[in-house]
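Asks: Going by our numbering, the final residue of the sequence shown carries number 47, and the count climbs one at a time with no gaps.
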Amino acid sequence: MKQDNPCPSAERDELKRHIRAGLLRELYDRRMITQSQFEQLMELW
3 MKQDNPCPSA
13 ERDELKRHIR
23 AGLLRELYDR
33 RMITQSQFEQ
43 LMELW
């Protein structure tokens, strides 16, 4: 069943990137990941 989504794909991808970046930033701020891990994950995503 196809789901109607008013949000264009590019917009949705951009939103996902912002969310991921925010999550990584949070982990980094809490010292759960190192600077290099943060950078590697940003590149992967």
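No residue lacks a Cβ here, since even glycine has one placed at the ideal position from N, Cα and C. These figures come from a predicted structure and were not determined experimentally.
What does the Cβ neighbour count give for L26, buried or exposed, with the cut at 16 atoms within 10 Å?
Replies: buried
Asks: By how many angstroms is the C-alpha of W47 removed from the C-alpha of Q39?
Replies: 12 Å
Asks: With I21 and L29 assumed to form a contact (beta carbons below 8 Å), what rounded beta-carbon distance in angstroms separates them?
Replies: About 13 Å; that fails the 8 Å criterion.
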